[in-house]
Amino acid sequence: EFALRMFAQAIERDPEFARAHAGVADCASFLYMHGGGHEEHLEQADQASQLALQLEPESAEAYTSRGVALSLKREYEQAARAFEGAIQRDPRLFEAYYFQARVAFASGNPEKAIALYEKASQVNPHDYQAPLLVAQIYEDLGRREEANASRRRGIEIAEARLKLNPDDSRARYMGANGLVGLGKCEQGLEWARQALAIDPGESMVLYNVACIQSLAGRVDEALDSLEKAVRNGLIHKDWVEHDSNLDILRSDPRYAGILKLFPN
């Protein structure tokens with residue numbers, strides 16, 4: 089929200105500053121994803137990303153902001169085209185590959201998602217997210233060796249990140265997922281507890297902790313965390329329905345009740 093205010097001030101000084109409009113779109117998209125799914129944030133992301141692209145039609149960053157906003161509206165084909173436009177204009181733009189990979193996965197194209205996540209890792213070898221996310225796709229496809237190699241790489245990068253910023257809850261919970269995937273359950277659960285201590289009420293943290301607890305076989309704890317995530321504003325019902333990390337929970341009667349907590 090602070091960043092959003094800063095971009096708004098920049099726009100007041102220069103209403104045609106395309107990068108500032110793209111920044112507004114990115115902040116609004118983040119608030120929509122992590123702040124309870126309020127429609128005004130989605131609308132703000134949609135409008136600001138369109139304006140950024142109108143003002144600077146050759147900006148790779150504007151294309152990426154537009155792609156993210158479209159993906160949140162579940163307009164996946166248009167989002168993919170926007171990300172392709174970004175990559176054509178800047179083949180080294182990490183965010184374009186990373187967010188297009190997420191769209192490919194959500195669209196049911198895991199092989200394309202793998203290729204895009206791997207390209208994102210090549211463009212930015214210091215990012216822990218892409219290798220840890222692609223690990224789950226490899227695992228789902230039965231490619232265990234590649235999954236574990238990606239986990240080890242992602243954990244190493246997350247550890248380096250945490251040395252610089254110990255309060256990075258995302259690095260904690262994503263690294264935790266990788267650790268549990270490698271069979272290091274107690275260490276992974278400890279990292280998950282640390283992530284919760286940093287951001288105890290954040291829906292995305294709670295959701296990811298539920299995934300970690302589920303992978304570790306802690307069914308009751310995972311259901312507790314998942315319910316808290318939904319009650320605290322998680323909007324991604326499709327994740328809860330399809331995420332393979334949560335497979336062990338789906339036969340439990342509480343799981344169906346949690347799905348009913350989402351608005352229709």
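Numbering of the sequence shown is given in the working numbering, commencing with residue 89 and proceeding in unit increments. From the three backbone atoms N, C-alpha and C, an ideal C-beta is built for every residue, glycine too.
Applying the criterion that 16 or more other CB atoms from any shown protein chain within 10 Å of the CB defines a buried residue, is residue i buried or exposed?
| i | result |
| --- | --- |
| Glu-233 | exposed |
| Asp-215 | buried |
| Ser-291 | buried |
| Leu-229 | exposed |
| Glu-247 | exposed |
| Gln-132 | buried |
| Ser-147 | buried |
| Gln-188 | buried |
| Arg-306 | buried |
Taking only the alpha-carbon atoms, compute the straight-line gap between residue i and residue j and give it to the nearest angstrom.
| i | j | result |
| --- | --- | --- |
| Leu-119 | His-129 | 7 angstroms |
| Ala-116 | Leu-160 | 11 angstroms |
| Gln-176 | Gly-242 | 27 angstroms |
| Gln-224 | Phe-193 | 11 angstroms |
| Leu-347 | Asp-326 | 10 angstroms |
| Gly-123 | Ser-313 | 17 angstroms |
| Ala-203 | Pro-254 | 30 angstroms |
| Glu-89 | Asp-134 | 17 angstroms |
| Glu-104 | Leu-141 | 11 angstroms |
| Ala-110 | Asn-212 | 21 angstroms |
| Gly-155 | Phe-182 | 13 angstroms |
| Asp-256 | Ile-286 | 8 angstroms |
| Ser-339 | Arg-281 | 25 angstroms |
| Gly-271 | Asn-265 | 10 angstroms |
| Gly-173 | Glu-309 | 43 angstroms |
| Val-250 | Ala-259 | Here residue 250 turns out to be Leu, not Val, going by the sequence shown. Between Leu-250 and Ala-259, the C-alpha separation is close to 7 angstroms. |
| Trp-279 | Arg-101 | 43 angstroms |
| Leu-139 | Arg-231 | 42 angstroms |
| Leu-323 | His-330 | Inspection of the sequence shows that residue 323 is occupied by Ile rather than by Leu. About 14 angstroms. |
| Tyr-205 | Ser-238 | 11 angstroms |
Should residue i and residue j be called a contact, given that it needs their Cβ atoms to be closer than 8 angstroms?
| i | j | result |
| --- | --- | --- |
| Pro-219 | Ser-209 | yes |
| Ala-317 | Ala-344 | no |
| Val-191 | Tyr-226 | no |
| Met-262 | Gln-301 | no |
| Leu-267 | Gly-276 | yes |
| Leu-92 | Val-112 | yes |
| Ser-153 | Asp-178 | no |
| Ala-98 | Ala-150 | no |
| Tyr-185 | Lys-200 | no |
| Leu-303 | Gly-269 | yes |
Answer yes or no: the CB of residue i versus the heavy atoms of the ligand ADP, is any distance below 7 angstroms?
| i | result |
| --- | --- |
| Pro-341 | The model depicted lacks the ligand ADP and carries no ligand whatsoever. |
Which of the three DSSP states is assigned to residue i in this structure?
| i | result |
| --- | --- |
| Pro-219 | helix |
| Pro-103 | coil |
| His-126 | coil |
| Asp-340 | coil |
| Leu-139 | helix |
| Asn-265 | helix |
| Ser-147 | coil |
| Ile-323 | coil |
| Pro-198 | helix |
| His-214 | coil |
| Lys-316 | helix |
| Gly-305 | coil |
| Asn-333 | helix |
| Glu-290 | coil |
| Lys-348 | coil |
| Asn-253 | coil |
| Lys-207 | helix |
| Glu-89 | coil |
| Gly-370 | Outside the modelled stretch of the chain, which goes from 89 to 352, sits residue 370, for which no answer is possible. |
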